[in-house]
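Structure first, then comments.
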Amino acid sequence: MSSPGTTTPSSGTMSPPVTSMVIKRESFSVPMRRRPKALGDGMETTKAIEPSRKRRAHTKSRLGCKNCKMRSVKCDEAKPSCGRCVSSGYTCTYSSEDPALQFAFTQVFKLDIGTPTPARFLQKTVPFSMSDDKVGTYEMRPYEIAAIDRYLNRTVLDFATAARPVKPLKYVDMANANPFLYHVFAGLSILHDIHLADCSMDTLHAQFKAASFHWYQVTRLLQQKISRYASSPNLQIDRVEKDSIWMCSNILALGVFANVESFNPIESWPLKPPESVDLSWVKLDLVRDIVFTLSKPNDPDSHYHSYYQLLEQIGMPDGTAPIRPHNLSAAYYPYFNITPESTADNNPYHHVVAILSQIQSPDGSFKENLRYLSLKVEMRPEFVHLLELKDPRALLLLVIWYSKLISLPWWFVRPRAIVEGASICMYLRKHHSDDAVLMGFVEEQASIVYSAYNKRKWGNTEELERQLGIASPPPPPYEEPASPQHRMNYELDTKHVF
Numbered sequence: 005m006s007s008p009g010t011t012t013p014s015s016g017t018m019s020p021p022v023t024s025m026v027i028k029r030e031s032f033s034v035p036m037r038r039r040p041k042a043l044g045d046g047m048e049t050t051k052a053i054e055p056s057r058k059r060r061a062h063t064k065s066r067l068g069c070k071n072c073k074m075r076s077v078k079c080d081e082a083k084p085s086c087g088r089c090v091s092s093g094y095t096c097t098y099s100s101e102d103p104a105l106q107f108a109f110t111q112v113f114k115l116d117i118g119t120p121t122p123a124r125f126l127q128k129t130v131p132f133s134m135s136d137d138k139v140g141t142y143e144m145r146p147y148e149i150a151a152i153d154r155y156l157n158r159t160v161l162d163f164a165t166a167a168r169p170v171k172p173l174k175y176v177d178m179a180n181a182n183p184f185l186y187h188v189f190a191g192l193s194i195l196h197d198i199h200l201a202d203c204s205m206d207t208l209h210a211q212f213k214a215a216s217f218h219w220y221q222v223t224r225l226l227q228q229k230i231s232r233y234a235s236s237p238n239l240q241i242d243r244v245e246k247d248s249i250w251m252c253s254n255i256l257a258l259g260v261f262a263n264v265e266s267f268n269p270i271e272s273w274p275l276k277p278p279e280s281v282d283l284s285w286v287k288l289d290l291v292r293d294i295v296f297t298l299s300k301p302n303d304p305d306s307h308y309h310s311y312y313q314l315l316e317q318i319g320m321p322d323g324t325a326p327i328r329p330h331n332l333s334a335a336y337y338p339y340f341n342i343t344p345e346s347t348a349d350n351n352p353y354h355h356v357v358a359i360l361s362q363i364q365s366p367d368g369s370f371k372e373n374l375r376y377l378s379l380k381v382e383m384r385p386e387f388v389h390l391l392e393l394k395d396p397r398a399l400l401l402l403v404i405w406y407s408k409l410i411s412l413p414w415w416f417v418r419p420r421a422i423v424e425g426a427s428i429c430m431y432l433r434k435h436h437s438d439d440a441v442l443m444g445f446v447e448e449q450a451s452i453v454y455s456a457y458n459k460r461k462w463g464n465t466e467e468l469e470r471q472l473g474i475a476s477p478p479p480p481p482y483e484e485p486a487s488p489q490h491r492m493n494y495e496l497d498t499k500h501v502f
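Each residue of the sequence shown is one higher than the one before, starting from 5 at the first, in our numbering.
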C-alpha cells in the first residue's frame, strides 16, 4: 500500500515524494506585477500626473421620439419627423402608444406561383438567300447577336411615343415567327453604331460591310416573299406575317436612307458619276404601294392600326392641295411655275412645293416630325425622273427638304440630309452659277447644310469647294423685293379660291 501523498511508479524504481521535489523558479516565466514605488522611495518622476478628461456638458434629449429612444441615439426633436427617422426611413412618432420602428414606405408585390411564362430567346439561325434563289441558313456570329440586342434595347426606342410605346418583346415574337426580320434588326443597329461613332469612313469599313451584308440578305428575302405571294393571289397569309413584311419594308426603307456610301460630298450623288444605285431610297419607296396592298397595315387587327389612326389625327401634308399664297417666299411662285391653275397633274413641282408649304413652322413634336418625313414617301415618279436628270429646280426642292431634316432628332435622317445636301449645293454652284435666282436659294440652304457638315469629323466644305474650282467667296444671297408683284398678282387671282 502506498501512503497518501505518494505515487506508485510503473517501473520498479521508487520516485521521491512530491514534498521533497525542488521547483526551480528559473524554469517558469510567470509575469508578476510589481507594486509601484511610492514617491520619495527612490523613484524619480519626469512628468506630472495629468488630470482625467472632463465630459463635455450637453443638452439631454428627454422629449425625443420613440424610435430614437429605442435605438439609444440622440433625437433632434424636429416635428413632424426628426432628422434620424427621415434619414433611416422610419415613421417618426412621439407617442408611447404608437408602434415603433415602422418603415415610412411599404411595397406591395404579387407573387404568382402558377406556371411561369417562358422567356423569349433570340434565334441564332436565320434564313440566307443564295445566288440560285434558294434559301439556306446562316448562323449569326456573337457581334451580330449583340447588334440585335442593341436594336431591341436602344435603336427601336427612337420610334416610341407616349401614346404608342414600343414593346421590344413584341418584336422578338415577330422575328421568331419570321426570322428574316433579324437581318433588318442587325443592319439598322450597325448603322446606328456608325452614326454614334462620328468618325471617318475609312475607320468604319468593317461596320459598313456588315450592314451591307444584312441589307442585301433582307432585300433578297423580301423580294422572294413578295414574288411568291403575288404569283399566288389566293394564298392565305396570317396577320403576323403580314405585319412582319410591312415592318421589314419600313425598316429597310429607313436603313437604305440612312446608309450613305461616302461622307465626302464629292463622292456622293449628284456630284459623283452616275450609277444604277443612285436614288435607291426613292425608288424603294415607290414600290412600297405593292407591299402596302399585300400587308394591309391599316386593318383593325394589324399591329400598325394605331399608328395609322395617329396619322389621321395628325393630318399629314397633302401634295394635291392648292398652295396658299402666304406659305412660301414670293420668289418661289414664278420659279416653280406655281399659279392658281397649276396642279399636281400639270406641274411636276406642284406636289413637292405643296408639301413643303405645309411644313414651314415645326414645333419639335413627334407629330410634326412625322409631317416632315411625309415627302419621303410622297414623291411622284415624274419628280423622281427630274431628279435622275439632275434638274436644277428639282434638286433645289430636294435640298430645301434636306435642310429641314437636319433639325429632326432622328439619327437615321441626318447623314444623307447633310452629305447629299452639301453635294447638291456644290453641284448647283458649280454647274448653274449663272442663275442668280437659283443661287439666292442655294446660298440660303448651303448655310444650313454646310454648317451641319463642318460640325462633323468628315471634312471641310471650303476645301471641298476649292477642289471643285467653285468661286470663293460665294455670290451674295438673293434678296427678295420689298413689293413682290408676282405674289400680289397671285393673291388677287386666288381670292375666289381661298
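Yeah, the Cβ is synthetic: ideal placement off N, Cα and C, and Gly gets one too.
By DSSP, does residue 184 sit in helix, in strand, or in coil?
In this structure, residue 184 counts as coil in the three-state DSSP scheme.
Alpha carbon to alpha carbon, how far is residue 113 from residue 95?
Its pLDDT being 41, under 50, residue 113 is placed unreliably by the model, and the measurement read from it follows with that caveat. Between residue 113 and residue 95, the C-alpha separation is close to 21 angstroms.
Secondary structure at residue 85, three-state DSSP: helix, strand or coil?
Of the three classes helix, strand and coil, the one that applies to residue 85 here is coil, per DSSP.
Going straight from the alpha carbon of residue 2 to that of residue 258, what length do you get?
This structure cannot speak to residue 2, because the chain is shown only from 5 to 502.
Looking at the strands, I want to know which residues DSSP matches up with residue 343.
BP columns for residue 343 are empty, so no partner.
Around the C-beta of residue 209, are 16 or more other C-beta atoms found within 10 angstroms, so that it is buried, or is it exposed?
Result: exposed.
Under a Cβ-count criterion, where at least 16 other Cβ atoms within 10 Å of its own Cβ denotes burial, should residue 496 be classed as buried or exposed?
In this predicted model, residue 496 has a pLDDT of only 39, less than 50, meaning its place in the structure is not dependable enough to derive any value.
Take residue 391 as the anchor and find which of 424, 242, 87 has the nearest alpha-carbon.
Of the candidates 424, 242, 87, the one whose C-alpha sits nearest the C-alpha of residue 391 is 424.
Would DSSP call residue 295 helix, strand or coil?
It is helical.
Based on Cα-Cα distance, which residue from 285, 305, 340, 97 lies nearest to residue 421?
Measuring from the Cα of residue 421, the nearest candidate turns out to be 285.
Where does the unbroken alpha helix (DSSP H) through residue 160 begin, and where does it stop?
Here residue 160 belongs to no alpha helix (DSSP H), and DSSP marks it neither H nor E.
Which partner residues does residue 139 have in the DSSP bridge list?
According to DSSP, which records beta bridges pairwise, residue 139 is partnered with 133.
DSSP state of residue 308, grouped into three classes?
It is coil, neither helix nor strand.
Within this structure, are the beta carbons of residue 409 and residue 397 separated by less than 8 angstroms?
Not closer than 8 angstroms, so no.
Identify which residue in 156, 384, 416 has its Cα closest to the Cα of residue 261.
Among 156, 384, 416, the Cα nearest to that of residue 261 is on 416.
Taking the alpha-carbon positions, what's the residue 360 to residue 456 distance?
One C-alpha to the other measures close to 21 angstroms.
State the Cα-Cα distance for the pair residue 484 and residue 437, rounded to the nearest angstrom.
With a pLDDT of only 42 at residue 484, under the threshold of 50, the placement of this residue in the model should not be trusted; the figure read from the coordinates follows. Approximately 18 angstroms, taken between the alpha carbons.
May I have the straight-line CA-CA distance separating residue 237 from residue 344, to the nearest angstrom?
Whole-angstrom Cα-Cα distance: 44 angstroms.
Assess contact between the stretch 237-247 and the stretch 296-308, defined as three or more Cβ pairs (one per stretch) separated by less than 8 angstroms. Is contact present?
Flag = yes, the stretch 237-247 and the stretch 296-308 touch.
For residue 118, which residues of its own chain have a beta-carbon under 6 angstroms away from its beta-carbon, when the five flanking residues on both sides are left out?
Its pLDDT being 45, under 50, residue 118 is placed unreliably in this model, and the value from its coordinates should be taken loosely. Result list for residue 118: empty, nothing under 6 angstroms.
Measure the C-alpha to C-alpha separation of residue 466 and residue 434 and round it to an integer number of angstroms.
When rounded, the distance between both Cα atoms is 13 angstroms.
Taking the straight line between their C-alpha atoms, what separation do you get for residue 109 and residue 426?
For residue 109, the pLDDT reaches just 49, beneath the cut-off of 50, and the residue's location in the model is therefore unreliable, although a value from the coordinates is still provided. Taking the straight line joining both Cα atoms gives about 58 angstroms.
Of all the options 347, 336, 310, 378, which has the alpha carbon lying nearest to the alpha carbon of residue 441?
Residue 441 has its Cα closest to that of 336, out of 347, 336, 310, 378.
Which residues in the same chain have their Cβ closer than 7 angstroms to the Cβ of residue 221, if we skip the five residues on either side of it in sequence?
132, 133, 187, listed in sequence order.
In the DSSP assignment, find the alpha helix (DSSP H) that holds residue 353 and state where it starts and stops.
Here residue 353 belongs to no alpha helix (DSSP H), and DSSP marks it neither H nor E.
Out of 231, 339, 263, 175, state which residue places its alpha-carbon closest to the alpha-carbon of residue 291.
Of the listed residues, the one whose Cα sits closest to residue 291 is 231.
Buried or exposed: where does residue 247 fall if 16 or more other Cβ atoms within 10 Å of its Cβ makes it buried?
Per the 10 Å Cβ criterion, buried.
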